[in-house]
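Q: Protein sequence lines, in the order shown, are assigned to chains A and B.
Here this note's numbering = 1-based position in the first sequence + 1.
Here this note's numbering = 1-based position in the second sequence + 9.
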Amino acid sequence: MNVPMPVKLLALVLGATLFYTWVGSLVPQKEVHPPEVVELADDLSTEELVEIGKTIYEGKGLCNTCHTIGKSGALRFPDMAGIAETASTRVPGFGQLDYLAQSIYQPNAFIVPGFNPGMPAIDKPPIGLSDGEILSVIAYLQTLGGEATVSVGTQLPYADGAEPTSDVDPAGGTEVADAIAGSDTVAPPQTATVTQAGAAAGPAQALLERYACNECHGEGGEASRLAGLGTRRTPADIRRALVDHEPPLPASYTGRVTLAEVSAMTEYLSNLEEGG
Amino acid sequence: MPSFPKLKRPEKITPGMIALLVLVLALGAWMTWKGAVWFDDTLGYDSPLAGEALETPFDRAQADAEAAAAEEAMARPYEEVEYRAFPVVGSRVAIWVVAQLKLLFAAFVLAVPMFVLIIEFVGWRTKDERLDRLAYEFTSLLSPAFAMTAAFGGVMTFMLIALYPKFTTYLMGIFSPTLAPYFVLLFAEAAFFYTYYLTWGKVGPKLHLFLGLMLNLVGTALMFIANAWLTFMTSPAGISEKGAIISVWDAVSNYTWMPINIHRIIANIAFGGSIAAAYAAFQFLNAKTPAERAHYDWMGYIGNFVAVAGLLPLPFAGYWLASEIYAFSQTMGITMMGGAFSWLFIIQAVLIGNLFLGINYYLWMGMGRVEGKRAGKPLIPVLLGVITLCFIVWATPRSPVTTPEEMAAMGGSSHPILGFLGVMSAKNTAVNLIILATFVSFILYRRSGKKPSVGWAKLGNVVQGGILLFSALVVISLGIAGYFVEAQVRIGLSVPMVLTVLFAMLIVTVIDVLMLRGADESGKTHWGRMPDRAQYVLIFLAVTFTWLMGLMGYVRSGLRQHWHVYGVIRDTSPDAFTPTLGYATKVVSVTVLIFFALIGFIFWLASLSHKKKRGPFGEAAAEAVPAAGGHDGPGGALEPGTPASPGSAPAIVPGAARSASAATRDDLVAYGESDETGEAGGEESP
């Protein structure tokens with residue numbers, strides 16, 4: 002049968018389109034809805050808090066998009082199995098709760114060695130969990146290798162700008178900065194002091210000194226001053242400037258700086274106020 | 010038995026009989042109407058209260074409510090709404106379809122002048138009139154496409170203002186300094202396009218090329234500005250946490266701006282080439298004369314060549330874009346590659362796999378145009394095997410859709426063996442090998458019917474083969490190494506893979522060009538000696554390219570999920586959710602079908618225009634085809650180092666395309682010969 006050319010063309014276009022539509026129907030079909038704010042009732046038990054935290058961890062918190070539980074090998078982000086135990090040992094002077102809270106509110110303040118920074122502050126958009134929701138996630142994390150100890154009334158460090166509860170040695174910052182100065186590969190353990198704005202100041206300040214940023218950005222320098230940078234530039238802009246500086250920086254910076262250091266400086270500069 | 014007189018049938022129905030019939034019907038209708046009225050007037054029931062105002066409590070309540078509503082409406086203050094709903098399909102689908110159609114036409118309008126300028130320039134430098142004519146014919150497609158782009162652009166703007174007023178106001182506020190340059194450039198583009206098109210052959214070649222260059226520069230600048238708006242929505246910069254503008258330049262030069270600019274330029278070229286090839290295929294199938302077949306075969310080849318030239322570097326531009334998305338937000342990057350959108354890339358793999366298979370198949374069939382020995386023919390099954398294998402690897406999901414029983418049998422969500430093919434290392438390896446295999450197909454096609462005459466030809470062949478083999482081994486080795494290193498190292502391995510492939514392609518091309526200089530052209534190229542199915546392949550490729558553009562447009566936009574501006578302006582409309590991939594693919598398909606209905610109409614219009622210009626023997630087409638005696642045309646003048654055969658075309662400057670010189674009968678006879686073997690040519694093709 003001699004099929005007319007226009008019919009063949011129509012069949013080809015329709016057939017190809019239908020085929021691709023069919024392929025699209027073969028893959029898993031998941032509709033993702035915007036997350037809703039979870040309000041925590043005052044009389045919630047810790048067990049209920051853990052359940053809510055697990056739901057948030059797997060849902061609107063997007064935690065399991067990056068973090069695995071119980072996997073090993075070439076992972077992109079740290080595995081969460083046993084985090085309740087490791088949390089209290091990662092940073093000297095930081096208790097379990099302090100470490101977990103810092104990891105969520107200021108994720109780039111400390112980077113687990115062997116991993117790159119990349120986790121956003123969970124209390125800020127786009128994830129934007131409330132303090133209560135973060136508390137419930139921490140309750141859940143405490144059950145991974147331990148027991149949940151927080152309750153609805155627990156005041157989290159870093160929530161609403163609160164300081165960590167652990168006894169942190171203010172001098173520790175300098176020691177850490179010294180440690181950083183001797184290493185280009187290991188991320189800085191942040192036993193640093195925390196400024197009012199919440200930035201880990203010690204190591205970041207040491208880094209700024211190490212890379213002689215104040216030669217241009219300090220008093221009398223040709224470039225704009227760093228003080229108050231956080232009010233003039235977004236963290237993304239600051240990070241970009243640190244990575245792709247204009248004019249280009251010398252090799253003593255570009256050849257040595259690590260991503261962890263960039264993150265630490267970004268965090269610090271983003272929160273640097275006038276006079277800071 | 011009484012006998013009835015036989016009725017005599019009239020010979021034919023006369024106008025008088027029709028008039029009589031109409032009169033009888035009209036009379037019957039009038040009498041029926043009058044009778045009904047009389048019946049109602051005389052026998053119908055008349056209420057004693059008829060004519061009096063009858064007001065019940067319900068009527069009164071209704072009147073009061075209407076009065077109250079009117080009063081409330083008058084007192085209502087003006088309120089700015091955040092969203093308005095588009096009927097039936099909803100605002101999101103409406104704006105989605107219109108924006109995608111606008112983008113498709115815009116991509117075509119931006120891409121065609123790029124390769125048209127190159128073709129015109131090469132035609133001018135090589136004094137090859139045919140290339141000039143070809144460039145003009147490509148440009149003639151632009152006029153209706155330009156109008157379509159403007160129309161859809163206007164509709165999209167109005168829809169954005171009407172359906173998303175608050176967000177549109179915000180975006181316009183952020184980018185207000187870019188609006189004036191945008192509109193100025195818009196008018197400049199129209200001016201340059203029509204001047205370029207309408208002055209073809211009427212101004213000097215240098216001035217005409219300058220107009221073409223300006224058209225391209227202005228078009229690219231327009232795209233860059235529009236890209237700033239849309240990339241800002243994905244990776245906002247230059248604003249405070251609350252969304253207030255701090256620096257317009259930072260907002261423009263956000264993380265994904267330049268990667269999208271580059272990616273779109275390359276993708277537009279690939280898409281534009283494929284649509285132009287589809288046009289040529291459509292005309293080939295409609296061709297009435299051998300000369301037309303030859304011309305449109307050549308045109309289709311060039312369109313496809315442009316599409317392949319764009320497709321090969323496209324994955325590399327994609328890597329860069331993806332890495333910038335990761336750099337901006339790891340969450341967004343992982344949502345794209347490992348979260349809600351990860352399965353989309355399996356669909357993408359099917360599309361790109363089909364593209365590569367189609368392109369290679371077309372190239373292999375194209376070898377049938379060339380007389381004589383086709384040295385690369387034995388390699389075709391090997392290449393087909395490599396491409397198919399890589400296609401399968403690329404389309405293998407890490408965690409397939411399974412039942413609980415199947416998952417239990419596999420011992421997890423991933424298959425114990427095939428699961429290893431679903432990770433990035435395997436997919437990177439597969440895509441790089443597909444690119445290498447397609448490059449080999451192109452080299453084989455290029456060398457059909459040619460015999461290198463340089464003394465070092467044998468060594469050259471060995472070096473070329475060695476480089477290709479070595480680069481394939483490097484890609485495979487790096488792919489395997491990716492399984493044994495940390496994630497941050499593994500991600501970085503894609504860079505040496507890409508560089509290896511690019512380096513291999515560059516060196517092999519240079520060697521090939523040097524080696525084929527002054528080569529013996531043992532076989533004639535018979536343009537037009539292609540089976541019809543090759544033309545359907547070109548059209549299939551165009552559909553696939555278009556569908557792919559639609560799908561990738563969806564993922565770029567969908568990545569924002571429930572944000573208009575990621576992390577800054579939240580989408581609170583009823584459409585804030587991310588639909589299923591099945592739903593998204595249906596919308597993409599509808600868009601593709603609308604696009605092809607419109608582009609088909611444009612093709613039809615263009616064919617009418619060309620028919621009008623063509624004489625009864627297809628002179629115009631015959632003028633624009635390469636001579637049958639040599640392997641030039643696209644494989645000649647357009648390829649570096651292989652000049653057009655001397656004497657195969659008169660030395661004519663750009664603008665000759667519209668000269669009215671008629672083709673010689675010899676040309677037609679030459680193509681008549683090739684047409685006779687046209688069907689056989691199909692059989693000969695691999």
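We put the beta carbon where it would ideally sit given N, CA and C, even for glycine.
List the residues of chain A that Ser598 of chain B touches, going by C-beta distances under 7 Å, in chain order.
A: Those are Thr18, Tyr21 and Thr22, listed as they occur along chain A.
Q: The beta strand (DSSP E) that contains His573 of chain B, what's its start and end?
A: Trp572 to Val574
Q: Using 8 Å as the limit for Cβ to Cβ distance, is Ala82 of chain A near chain B?
A: no
Q: Mind checking whether Ile183 of chain B and Thr177 of chain B have CB atoms under 8 Å apart?
A: no
Q: So, does the CB of Glu495 of chain B fall closer than 8 Å to a CB anywhere in chain A?
A: yes
Q: For chain A, find out if any of its Cβ atoms is closer than 8 Å to the Cβ of His424 of chain B; answer yes or no.
A: no
Q: Taking 8 Å as the CB-CB cut-off, is Cys217 of chain A touching chain B?
A: no
Q: Is Met40 of chain B buried or exposed, if buried means 16 or more other CB atoms sit within 10 Å of its CB?
A: exposed
Q: Tell me, please, whether the CB atom of Asp584 of chain B is closer than 8 Å to any CB atom in chain A?
A: no
Q: Short of 6 Å in beta carbon distance, which residues of its chain neighbour Cys64 of chain A, apart from the five on each side in sequence? Order them along the chain.
A: Tyr58
Q: So Pro332 of chain A and Thr267 of chain A are in contact, right, with Cβ under 8 Å, and what is the actual spacing, rounded?
A: Given a span of 2 to 277 for chain A in the structure shown, any question on residue 332 of chain A remains unanswerable.
Q: To the nearest angstrom, report how far apart Val14 of chain A and Leu602 of chain B are at their CA atoms.
A: 8 Å
Q: Within a Cβ cutoff of 6 Å, which residues of the same chain sit near Arg378 of chain B, ignoring the five residues on either side of it in sequence?
A: The residues Thr534, His535 and Arg538, in chain order, have a CB closer than 6 Å to that of Arg378 of chain B in the same chain once the five nearest residues on each side in sequence are set aside.
Q: Throw me the rounded Cβ distance for the Thr553 of chain B and Asn277 of chain B pair, which I believe falls under 8 Å.
A: Not a contact, Cβ separation roughly 16 Å.
Q: So who's on the other strand from Asp715 of chain B, going by DSSP bridges?
A: Chain B is shown only over 10 to 695; residue 715 of chain B falls outside these bounds and no answer can be derived.
Q: Going by beta-carbon coordinates alone, are Thr229 of chain B and Trp266 of chain B separated by less than 8 Å?
A: Not a contact, by the Cβ cut-off of 8 Å.
Q: Give the residues from the stretch 25-38 of chain A that approach chain B closer than 7 Å (Cβ to any Cβ), ordered along the chain.
A: Of all residues in the stretch 25-38 of chain A, Gly25, Ser26, Val28, Pro29, Gln30, Lys31, Glu32, Val33, His34 and Pro35 have a Cβ within less than 7 Å of some Cβ in chain B.
Q: Whole angstroms is fine: what's the gap from Ile254 of chain B's alpha carbon to Ile239 of chain A's?
A: 15 Å
Q: With three or more beta-carbon pairs closer than 8 Å as the criterion, would you say the stretch 538-551 of chain B touches the stretch 464-483 of chain B?
A: Three or more beta-carbon pairs separated by less than 8 Å are not found between the stretch 538-551 of chain B and the stretch 464-483 of chain B, which leaves the two stretches without contact.
Q: Does DSSP put Asp580 of chain B in a helix, in a strand, or in coil?
A: The answer is coil: DSSP assigns Asp580 of chain B none of H, G, I, E or B.
Q: What residues from chain A crowd round Leu360 of chain B, counting only those whose CB sits closer than 8 Å?
A: Tyr21
Q: Just verifying my parser: in three-state terms, what is the DSSP assignment at Asp44 of chain A?
A: Of the three classes helix, strand and coil, the one that applies to Asp44 of chain A here is coil, per DSSP.
Q: Any contact between the stretch 25-41 of chain A and the stretch 585-599 of chain B? By contact I mean 3 or more CB pairs, one from each, below 8 Å.
A: yes
Q: Buried or exposed: Lys211 of chain B, going by 16 or more other Cβ atoms within 10 Å of its Cβ?
A: It counts as exposed.
Q: Under a three-way DSSP split, which group does Thr534 of chain B fall into?
A: Strand.
Q: Would you tell me roughly how many angstroms separate the C-alpha atoms of Gly696 of chain B and Gly532 of chain B, rounded to the nearest one?
A: Here chain B has residues from 10 to 695 only, and residue 696 of chain B is not among them.
Q: Tell me whether Thr1 of chain A sits in a helix, a strand or coil according to DSSP, three-state version.
A: Beyond the ends of chain A as shown, which are 2 and 277, falls residue 1 of chain A; an answer cannot be given.
Q: Just to make sure I have the definition right: I need the residues of chain A whose C-beta is within less than 7 Å of the C-beta of Thr553 of chain B. Which are they?
A: Going along chain A in sequence order, the residues near Thr553 of chain B (Cβ under 7 Å) are Ala17.
Q: Which of the residues in the stretch 126-141 of chain A, read from start to end, lie with their CB under 9 Å from any CB of chain B?
A: Sequence-ordered contacts of the stretch 126-141 of chain A with chain B read Pro126, Pro127, Ile128 and Gly129 [C-beta pairs closer than 9 Å].
Q: Would you mind stating whether Ala108 of chain B and Ser100 of chain B have Cβ atoms separated by less than 8 Å?
A: no
Q: Kindly say whether His573 of chain B, judged by its beta-carbon, lies nearer than 8 Å to any beta-carbon of chain A.
A: no
Q: Should Tyr454 of chain B be labelled buried (16 or more other beta-carbon atoms within 10 Å of its own) or exposed?
A: Burial call: buried.
Q: Output, in sequence order along the chain, the residues in the stretch 97-127 of chain A whose CB is closer than 9 Å to any CB in chain B.
A: Gly115, Phe116, Asn117, Pro118, Gly119, Met120, Pro121, Lys125, Pro126 and Pro127
Q: Taking only beta-carbon atoms, is Leu10 of chain A less than 8 Å away from chain B?
A: yes
Q: Do the stretch 105-119 of chain B and the stretch 550-569 of chain B meet, that is, are 3 or more Cβ pairs less than 8 Å apart?
A: yes
Q: Please report the distance separating the alpha-carbon of Phe291 of chain B from that of Ile548 of chain B.
A: Rounded to the nearest angstrom, the two C-alpha atoms are 8 Å apart.
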